[in-house]
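Quick note: the sequence shown uses full-length UniProt numbering, first residue 1, plus one each step.
Ideal Cβ positions, reconstructed from N, Cα and C, are used throughout, including at glycine.
Here the structure is a predicted model, which is why all the values come from computation and not from measurement.
For reference, the structure discussed in these notes is given below.
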Amino acid sequence: MKKEEIFITDWKRILFGDTPAEFMLEVFIRTLVIYLVLLTIARLLGKRMGGQLTLTETAVMVTLGAIVSPAMQLPDRGIAMGIVALTCALAFQRGVNLWGFESPEFEKISQGTSSAVVKDGLIMLHEMESIRLSKQELFALLRSKQVYNLGKVERAYFEACGLLSVYTLEEEKPGLSLIPPGDEELCKIQQSHQSEKFACNNCGYTLRSQHQPAKCSHCDNANFSPAVLNLTE
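Laid out in structure tokens, this is it:
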């Protein structure tokens, strides 16, 4: 469209563009058909599409959005093209899932693998760096599972789909507090360990000392906090 053809008061162009107003009815029909086809495709993709998405499923969802838009809105594009493209996306996803089921090596490449981010109350800093997960994100995920003391975590795995699997110890063990500073009400569920243990604020490593240590032997961090225990009822 040329510059001289654009007017701020041209409400017909603003509302309907260059297409006739009757095209709105066609848009309704196109959208209804594409919506029903998309609903069918999403159902055939499987239950995982309704839960936490993997990398390949996320790619499919983005692809579906790019496919349906032109078929619904552009008058020079037929809906058959969109239906064919949606069917191809379904075939590709089903093929990738089948290939991954038959080949563990391909599944690792396409889906990724889980990473152990906490072992025996100690943060695996190298794993955290490799998957680009910050400590604050890890702490938030642990708190969402009602874990407020890092020392109680036996293992924490960051899964390929983005979920965090946590295995905790039955007995209480002193460790780094995961409660945000300043939350005095929630801090009441914890107490400092009586044997003068300190926890590294960077990796969670705990050691017994009468005074705050100068440096962590595990990560060379110099910032410590008193190790805490969760109060039992």
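Output yes or no for whether 7 Å exceeds the beta carbon distance between residue i and residue j.
| i | j | result |
| --- | --- | --- |
| G82 | V68 | yes |
| S165 | Y157 | yes |
| E227 | G175 | First, the residue type needs correcting, since residue 227 is Ala and not Glu in the sequence shown. Cβ atoms of A227 and G175: closer than 7 Å. |
| L86 | V37 | yes |
| G112 | A66 | no |
| Q210 | F198 | no |
| M72 | T40 | no |
| V33 | I79 | yes |
| V96 | S110 | yes |
Can you check DSSP and say which residues form a bridge with residue i?
| i | result |
| --- | --- |
| F198 | L207 and P226 |
| A156 | V118 and V166 |
| N149 | S177 |
| I41 | According to DSSP, I41 bridges with nothing at all. |
| I83 | For I83, which the question treats as bridged, DSSP gives no partner whatsoever. |
| I29 | Its beta-bridge partners do not exist; DSSP assigns none. |
| Q212 | Answer is none; Q212 lacks a bridge partner. |
| Q191 | L229 |
| I123 | V118 |
So which of the options has the shortest CA-CA distance to residue i?
| i | options | result |
| --- | --- | --- |
| P75 | V27, Q191, L229 and P213 | V27 |
| N202 | N223, V118, E105 and E127 | N223 |
| V153 | E137, A160 and E170 | E170 |
| L122 | S130, L163, L138 and I131 | L138 |
| W99 | T56, E127 and T63 | T56 |
| K188 | E105, L163, I34 and N230 | N230 |
| Y167 | G182, N149, S177 and W11 | N149 |
| C219 | F23, H126, I29 and P20 | H126 |
| C216 | R208, C200 and S225 | C200 |
| I131 | L163, E107, S225 and F101 | L163 |
Thinking residue i and residue j are a contact (beta carbons under 8 Å), I'd like their distance in whole angstroms, please.
| i | j | result |
| --- | --- | --- |
| G151 | K173 | 4 Å |
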